[in-house]
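Encoded as structure tokens, the structure appears first; notes follow it.
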Amino acid sequence: MAKKALEHLILYTITEHNILPITSNCNNHCIFCSHHHNPPEVEVYQLDEVSLDTLKEWAGFLDGKKRIIIGESATRICEGEPFCHPGIMDLLSFLRLKYPQAPIQITTSGTFLNREKIKELSNLGLIELYLSLNSVTKQGRKKLMPGAGSVGPNLLHDLAEFNISYHGSLVAMPWIVGWDDLEETICILDSYQARTIRVFMPGYSRLTPDFLRFPEDFRSKLDAFIRQMRLRINTPLTLEPPVLEDLQGEIAGVLRNSPAQAAGLRTGDIILTVNGENVFSRVEAFRRILADSNPKVLLKRNDVKFETTIIKSPKEASGIVMDYDISFDELQNIEKEISAFKARNPLLFVSQAGRNVLEMGLKKAGLASSLNLITVDNRFFGGSIITAGLLTVSDFKSAWQELAEQKKLPYDLLVLPHKAFDQKGRDLTGSFYWELESLTGLPICLA
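In terms of my numbering, the sequence shown opens at residue 1007 and continues consecutively.
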């Protein structure tokens, strides 16, 4: 049964996300890896090293008109280090022959990349790396990724020399490696022409050892640090998840040699209108600019407004990098689901991380007064976990029972965040969302 479920999940991962899983093997032993501290009830799948013949068969289900992704987790399959697989270069050569125009995105720690492999990747063309560097120093890598080995400027120099497009990423743990290490890693990535640099806020569950838990004021300190670093470097620098206090179309960064840079856009500029129409949020500003040909944008920089045109084709990337807030489509989907049930007093369960942005979006869209938002704590995972994707049915049950004790139950519909469930309606423990119907007596929908 488990084997069949894994087969279905692999097919879903390939067809829905264009991700080709190849192995769960990983040599890095990252101390922040979530799989080390998950509660035992979490349902995830380990993938043995898949044979090259099987991978070639699976590759037939990929969409060659889209970006092909290797090594990125989007489902319950634990993705490992792609270059651990002995057939990775043969697989990449096969994919390039089969899909000559498809960009191939690979997430890697860089441990197995040497000058010869980088040259091979360059010859294949249309390769983009998401480099989980985490620290550029030998000491930092040893503390954060004890199995990965050291990589440094030589690797980044070779990537730049052979014109391999890459994005640098690091999980921020300065209480382990120091703020200087974090700063040096960002500066090195910037100097070696990383396209973007992503800094990830670490998370820990209730099962995580104390030494991996960050101080209470860490999130605000990290946000302030990132904002300062953005002013010092040329590479777009983002914090994930972002700390957002508004829905303004603020630009987090601009890619080098991009249409946006040619148009004079800079980090910190706020997009007010696109082709004369006000933008609802960062997401809406980004999508409108992406969709349009030569979009005319009205910007605000240091309280001074000015207009410029981004010379680009429709659907051509502008080079603007923005934090993700919320799209108007997401809000319309919530409204659509509620209307389908003809609910007059719907209850929305939301995560701690998502509440602020959702509230701002609903208020701006004029929907806030008709909805009841209740924040649900991530009790199952515990620790610092506050995201919708890691909420479970048991968390929703606990939130409902607390409401029941207060006798505040005048609702006619329960809306749950769709991110908490897979395509079959199961949470990470295998429980189905409709289990809540018998407890609450309400119809349930996902939005």
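Think of the CB as a built atom: it goes at the ideal place given N, C-alpha and C, for glycine as much as any other residue.
- Under the three-state reduction of DSSP, arginine 1201 is assigned to coil, being neither helix nor strand.
- Per DSSP, phenylalanine 1220 is not a residue of any alpha helix (DSSP H), being assigned neither H nor E.
- Bounds of the beta strand (DSSP E) holding histidine 1173 are 1171-1177.
- Boundaries around proline 1352 are those of the beta strand (DSSP E), 1352-1357, since no alpha helix (DSSP H) includes it.
- With a threshold of 16 other beta carbon atoms within 10 Å, proline 1215 falls short and is exposed.
- Here cysteine 1451 carries a strand assignment [DSSP, helix/strand/coil].
- Counting along the chain, the unbroken beta strand (DSSP E) around threonine 1113 starts and ends at 1110-1114.
- Given a length threshold of 3 residues, each whole run of the beta strand (DSSP E) inside the region 1237-1319 is given here in chain order: 1243-1246, 1276-1280, 1302-1307, 1310-1315.
- A contact between stretches requires three or more CB pairs, one per stretch, nearer than 8 Å, and the region 1319-1327 fails this requirement with the region 1366-1374.
- By alpha-carbon distance to glutamate 1443, the top candidate from Phe1402, Ala1266, Leu1130 is Phe1402.
- Considered as a whole, the region 1085-1156 harbours 1094-1104, 1121-1130, 1144-1150 as its complete alpha helix (DSSP H) runs of no fewer than 4 residues, in chain order.
- Between tyrosine 1172 and leucine 1119, the CB-CB gap reaches or exceeds 8 Å.
- Going by DSSP, isoleucine 1182 is part of the alpha helix (DSSP H) stretching over 1180-1183.
- Judged by DSSP secondary structure, leucine 1165 falls within the alpha helix (DSSP H) whose first and last residues are 1159-1167.
- Per DSSP, asparagine 1378 is one residue of the beta strand (DSSP E) stretching across 1378-1382.
- DSSP lists Gly1259 as the bridge partner or partners of valine 1327.
- Proline 1242 and threonine 1273 have their C-alpha atoms spaced approximately 8 Å apart.
- Listed in chain order, the non-local C-beta contacts of glutamine 1267 below 8 Å within the same chain comprise Val1260, Leu1261, Gly1325, local neighbours out to five positions each way being set aside.
- Going by C-alpha positions, isoleucine 1170 is about 53 Å away from leucine 1448.
- Counting C-beta pairs with one atom in each stretch, the region 1201-1218 and the region 1145-1163 have fewer than three that are closer than 8 Å, which means they do not touch.
- With a 10 Å radius around the Cβ and a threshold of 16 neighbouring Cβ atoms, aspartate 1275 comes out buried.
- For the options Cys1039, Glu1411, Trp1440, the alpha carbon positioned closest to that of serine 1211 is the one of Cys1039.
- Remark: three or more beta-carbon pairs, one from each stretch, lie closer than 8 Å, so the region 1174-1185 and the region 1217-1228 are flagged as touching.
- For isoleucine 1391, the three-state secondary structure derived from DSSP is coil.
- A distance below 8 Å separates the beta carbons of leucine 1053 and cysteine 1084.
- Per DSSP, reduced to three states, the secondary structure at valine 1421 is strand.
- In the three-state reduction of the DSSP assignment, phenylalanine 1067 falls in the coil class.
- Between the alpha carbons of isoleucine 1074 and arginine 1293 lies a distance of about 22 Å.
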